[in-house]
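Chemist: Next up is a structure, given as structure tokens.
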Amino acid sequence: MKTVVIAQLNNIEEIVKIDSEVMGNDSRRKYIKEAIEEGRCLVAKKDNFIVGFLIFNTHFFDCSFISLVIVSPIERRKGYATFLIKYFENISPTKKIFSSTNQSNINMQKVFEANGFIRSGFVENLDEGDPEIIYFKLT
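For the sequence shown, the UniProt record's numbering begins at 1 and goes up steadily by one.
Structure below.
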């Protein structure tokens, strides 16, 4: 059964493990811990096991910004990213939601577009030769 809940500190090892599977290291441990402590991290669970997470903030011009949507590689293409995004849309502190992904990340672009986000611009020079596409949705 799929569920989404607000992450708790006792979830940190499972979350960092998933992030490490994707990133190749645990360099975002402190960032993830802070998001959990501030109530800005959601987790998707399958039968009580964490399979993905979403981190958000409101630092983007006082609008909600989804900074990370990460799903365990073995659980991808099963709707967990959409499940996390839809849950967040219902609890978002602002009506405007922004996010971004690299131009090279075609799969995440498809997730955003399938969930009603539209392209709102791009930022160059973050990752050399791979512009960041900004996405927007009004809820």
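The beta carbon of each residue, even a glycine, is placed where N, CA and C say it ideally should be. Predicted model, so just to flag it, every value in this text is computed and none were measured.
Just to check my reading of the structure: Glu128 and Ser100 have Cβ atoms closer than 8 Å, yes? What is that Cβ distance to the nearest angstrom?
Modeler: On the sequence shown, residue 128 is found 128 positions in, with the first residue counted as 1. On the sequence shown, residue 100 is found 100 positions in, with the first residue counted as 1. So it is not a contact: roughly 16 Å between Cβ atoms.
Chemist: Along the chain, where does the beta strand (DSSP E) that runs through Glu132 open and close?
Modeler: As a working mapping, residue 132 is identified with position 132 in the sequence shown. Start and end: 132–138.
Chemist: Could you check the C-alpha separation between Phe122 and Ser64 for me, to the nearest Å?
Modeler: As a first step, residue 122 is located in the sequence shown; it is residue number 122 there, counting from the start. As a first step, residue 64 is located in the sequence shown; it is residue number 64 there, counting from the start. Between Phe122 and Ser64, the C-alpha separation is close to 17 Å.
Chemist: For Lys2, which of Ile55, Val43, Ile32, Thr139 has the nearest alpha-carbon?
Modeler: Here residue 2 refers to the residue found at position 2 when the sequence shown is read from its first residue. Residue Val43 is the option with its Cα nearest to Lys2.
Chemist: Determine the DSSP secondary structure at Ser120, reduced to helix, strand or coil.
Modeler: To locate residue 120, count along the sequence shown from 1; it is residue 120. It is a strand residue.
Chemist: For the segment 72–121, which segments carrying the beta strand (DSSP E) assignment without a break, of at least 3 residues, lie completely within its bounds, in sequence order?
Modeler: The qualifying runs are 96–102.
Chemist: Considering only residues of the same chain and omitting the five flanking positions on each side of Leu84, which have a CB-CB separation below 7 Å?
Modeler: To locate residue 84, count along the sequence shown from 1; it is residue 84. Val4, Leu42, Ala44, Gly52, Leu54, Val69.
Chemist: Where do the ends of the alpha helix (DSSP H) carrying Ala35 lie?
Modeler: One-based indexing of the sequence shown puts residue 35 at position 35. Its alpha helix (DSSP H) spans residues 29–37.
Chemist: Locate the beta strand (DSSP E) running through Phe60, then write down its first and last residues.
Modeler: As a working mapping, residue 60 is identified with position 60 in the sequence shown. Counting along the chain, the beta strand (DSSP E) containing Phe60 begins and ends at 49–60.
Chemist: Give the DSSP bridge partners of Ser64, in chain order.
Modeler: Residue numbering aside, residue 64 sits at position 64 when the sequence shown is read from its first letter. DSSP output for Ser64 lists Ile97 as bridge partner(s).
Chemist: For residue 140, which of helix, strand or coil comes out of DSSP?
Modeler: For the chain, the structure presents residues 1 to 139; residue 140 sits outside this window and is missing.
Chemist: Start and end of the beta strand (DSSP E) containing Leu42?
Modeler: Within the sequence shown, residue 42 is the residue found at index 42, counting from 1. Element bounds for Leu42: 41–46.
Chemist: State the CB to CB distance for the pair Ile12 and Ile36, rounded to an integer number of angstroms; the pair is presumed to be in contact (CB under 8 Å).
Modeler: Here residue 12 refers to the residue found at position 12 when the sequence shown is read from its first residue. Here residue 36 refers to the residue found at position 36 when the sequence shown is read from its first residue. Confirmed, about 6 Å.
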